[in-house]
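Each remark here refers to the structure printed beneath this line.
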Amino acid sequence: MSFRYRVATVFGGSGFIGRHLIKRLAKTGTVIRIATRHPSSANFLRTNGAVGQIVPIAVDIRDDASVAAAVRGSDIVINLIGILYESGVNSFKGTQAEAPARIARAAKAAGAQRFIQISAIGADAKSKSAYARTKAAGEQAVREAFPEATILRPSVVFGPEDGFFNRFAAMARVLPALPLIGGGHTKFQPVYVGDVADAIMKALASAEAPGKTYELGGPRVYTFKELMELVLAETKRKRFLVSVPWSVAEFQGKVLGKLPKPMLTEDQVELLRSDNVVAPGAATLADLGISPTAAEVIIPTYLDRYRIGGRFSQRAGYGT
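Residues 285 to 604 in this note's numbering are what the sequence shown lists, from first letter to last.
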């Protein structure tokens, strides 16, 4: 891939998508600033580039001056920051609406040539979910501040460090049943993290991507129930799949949502009421020249560690 950019600032670069993106971006020779609250948490990424090429820097996304300093002199600015639940000062509004606006304004003022905003399928200003509303607000703010920005909306992202398949595989280790909220009928189109990282790279190199929004989904649509069945098949465990009515799920979300790291919140239950698939007519991975990777190809490479006896167990049948 031919690349003319010299300096990139990646907000949230030490996270799930970021670690896959940094590897690809470093190969272009671009100097990379990983903007994060805790720079030491990004030190493991330094080895993906030459000495001094990858530099973790401290940033406060709530502070204009801090953000401006992080993007100063950058050709590329990429915002990967997002949260699945609110905690302490990390609110949906502050993280997913106000921060993207602040970053986009600073990037435009700094003269950045490209801006990539990672949003999510389901971003909707009219949604009852605060997560979805603030994702939409973040998109709008980015468009207003940096009209040429490229917005990428992935469905559920999977890969070795994901918080979806790993979570349910871990639950299957200790629980006799897995929950099917609302009966497990909600549809998803899981997308491989490597494809998302490739989409960012393609968008940066494309003359067509500025100003466009792409929805990123895998090659197949699954119901939530089918995804739980896939988890059980790959981990070779027998577990009941129990339908949980919406009213019960809402109560569980209200209670569990008070925990420091909740497994379920009311807002997540609200999100599950809507399908999470690529919209008809949307620009997709194919428009970026990417053939999406099937979940069945990737998840066996990391869910095998949840099998009885561990990763190298040769047991072929289902266990307990």
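Even glycine gets a Cβ: it sits at the ideal position worked out from N, Cα and C.
On a predicted model such as this, the values are computed, not experimentally measured, just so you know.
- Separation of the CB atoms of Ser-527 and Gly-467 is rounded to 5 Å, and the pair is thereby assigned contact status at 8 Å.
- For the pair Gly-395 and Thr-568, the Cα-to-Cα distance works out to about 28 Å.
- Here the C-alpha atom of Val-532 lies approximately 42 Å from the C-alpha atom of Val-351.
- For Thr-418, the enclosing alpha helix (DSSP H) starts and ends at 414-429.
- In the three-state reduction of the DSSP assignment, Tyr-369 falls in the coil class, being assigned neither a helical nor a strand state.
- Sixteen is the threshold: when 16 or more other Cβ atoms of the shown chains lie within 10 Å of the Cβ of Arg-398, as they do, the residue is buried.
- In the three-state DSSP reduction, Gln-401 falls in the strand class (E or B).
- Under the DSSP assignment, Val-561 falls outside any beta strand (DSSP E); it carries neither an H nor an E label.
- Separation of the CB atoms of Phe-442 and Pro-474 is rounded to 5 Å, and the pair is thereby assigned contact status at 8 Å.
- With a cut-off of 8 Å on Cβ pairs, the segment 484-501 is in contact with the segment 571-579, counting three or more such pairs.
- Around Glu-445, the same chain offers Phe-300 as residues with beta carbons nearer than 6 Å, after the five sequence neighbours per side are excluded.
- In the structure shown, Pro-323 adopts helical secondary structure according to DSSP, grouped into three states.
- Between the beta-carbon of Ala-491 and that of Arg-308 there is about 19 Å, and that puts the pair past the 8 Å contact cut.
- Look at Val-343 here: in three-state DSSP terms it is coil, with no helix or strand label.
- The continuous stretches of beta strand (DSSP E) do not include Ala-456, which lies in the alpha helix (DSSP H) extending over residues 449-458.
- DSSP, read as helix, strand or coil, puts Val-351 in helix.
- Note on Gly-336: under 16 other CB atoms within 10 angstroms of its CB, so exposed under the neighbour-count rule.
- With fewer than 16 other beta carbons inside 10 angstroms of its own, Gly-594 counts as exposed.
- Only buried fits Ser-358, as 16 or more other CB atoms lie within 10 angstroms of its CB.
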